[in-house]
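What follows is a short report on a single structure.
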Ligand SMILES: C[S@@+](CC[C@H](N)C(=O)[O-])C[C@H]1O[C@@H](n2cnc3c(N)ncnc32)[C@H](O)[C@@H]1O
């Protein structure tokens, strides 16, 4: 089969507005979705291969170990809808475990990564109907009207990407997902849990500097796509766990007083001034189950690894 593409062209028109608004506010902050152009997706894959970044390794282990239980809960012939698929490395484990899934619908803002991932899945599962939707999942989008009888939907949101929303946004987003899958539909979601700050600090600030390059890619992207004037050597990567908010924060810190032009606006940075680029909230199992329950899901199962590093939740929409 061939991959069917629906391209909602999510970024270019809004990019300038979003960047100017983010750099203009106090404190300065850019949305983390901006990390993910082709280069950002490539760097995120490199992060996933780092020994310090435990999330993909532990989550894949949970999918492998609990594939049969996941398949039993999902039932046969489901339509899998993956939100923010990236390179979809863990998706194979889910699709292999499920009983004859009807379709795989992948959604991502990063078009190159989306096309590469869905092309690979299409080749690996030749009987599966594969759709690629290039869209921003925080903006309105609809799922493809597929031919044939309607199938039960199983949304898949791995990688602890839910942690990139603040708790209010996460509640709103999970509510949207509950409506997307409809009553009786399911969500399989990975959520990272709070742990030793030293482990988290290293996971988000690796000695090889891959995460630093990923963080700085947001500035490189502004230079590439908007003709911005950021000197990448004049900003440094900063990542730390803030226990009072149960989140890892990533920032870019200005190394000196400087002025940077983006389009026709000039932004003045003082030495030490930060641009906040990402939050990664960490949820204990109970807190996450409570949050899911509050927005219309019934938690059916939660799996964690023996070290309690990560959690995988199977939820059903009421
Ligand atoms: C943390 S990565 C996780 C990738 C993959 N799901 C995994 O578990 O390895 C987040 C993914 O979501 C995508 N993404 C981030 N914000 C998005 C948005 N607002 N709309 C659609 N995709 C988004 C990124 O392009 C990236 O592929």
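Residue numbers (the numbering used here): 8 to 325. Here a beta-carbon is modelled for each residue, glycine too, at the ideal position from N, C-alpha and C.
Bounding residues of the alpha helix (DSSP H) (the contiguous stretch that carries residue i)
i           : result
residue 311 : Residue 311 -> not in any alpha helix (DSSP H); beta strand (DSSP E) instead, spanning 304-311.
residue 85  : Where residue 85 is concerned, there is no enclosing alpha helix (DSSP H), given that its DSSP letter is neither H nor E.
Where the beta strand (DSSP E) containing residue i begins and where it ends
i           : result
residue 286 : 281-288
residue 110 : 110-115
residue 196 : 193-199
residue 141 : 136-141
residue 276 : 272-276
residue 296 : No beta strand (DSSP E) holds residue 296; the alpha helix (DSSP H) holding it covers 292-301.
residue 102 : Here residue 102 belongs to no beta strand (DSSP E); instead the alpha helix (DSSP H) covers 98-104.
residue 324 : 317-324
residue 206 : It is not in any beta strand (DSSP E) - residue 206 instead sits in the alpha helix (DSSP H) that spans 204-210.
residue 266 : 265-269
Residue i vs residue j beta-carbon contact at 8 Å
i           : j           : result
residue 27  : residue 270 : yes
residue 322 : residue 169 : no
residue 289 : residue 253 : yes
residue 229 : residue 284 : no
residue 158 : residue 208 : no
residue 119 : residue 48  : yes
residue 324 : residue 174 : no
residue 304 : residue 183 : no
residue 89  : residue 160 : no
residue 101 : residue 70  : yes
residue 61  : residue 278 : no
residue 65  : residue 316 : yes
Which residues DSSP lists as bridging residue i, in chain order
i           : result
residue 237 : The partner list for residue 237 (beta bridge, DSSP) is empty, contrary to what the question assumes.
residue 244 : 259
residue 90  : 114
residue 14  : 141
residue 35  : 282
residue 95  : Residue 95 pairs with nothing; no bridge assigned.
residue 254 : 249 and 288
(request) For the segment 99-115 and the segment 30-41, state whether three or more C-beta atom pairs, one from each stretch, are separated by less than 8 Å. (result) no
(request) Counting only runs of 3+ residues fully inside the segment 145-179, write out the beta strand (DSSP E) ranges in chain order. (result) 160-164
(message) I'd like to know if the segment 200-210 and the segment 91-103 are in contact, where contact means that at least 3 CB-CB pairs between them fall below 8 Å.
(response) no
(message) Can you confirm whether the segment 75-82 touches the segment 50-58 when touching is taken to mean that 3 or more C-beta pairs between the two stretches lie within less than 8 Å?
(response) no
(request) Output the residue ranges of the alpha helix (DSSP H) runs that lie fully inside the segment 41-86 and measure 4 residues or longer, sorted by chain position. (result) 45-55 and 62-81
(message) Is it the case that the segment 256-273 contacts the segment 291-298, given that we only count it when at least three CB pairs across the two stretches are under 8 Å?
(response) no
(message) Using a Cβ distance threshold of 8 Å, determine whether the segment 143-158 contacts the segment 11-25, with at least three qualifying pairs required.
(response) At 8 Å Cβ cutoff, the stretches touch.
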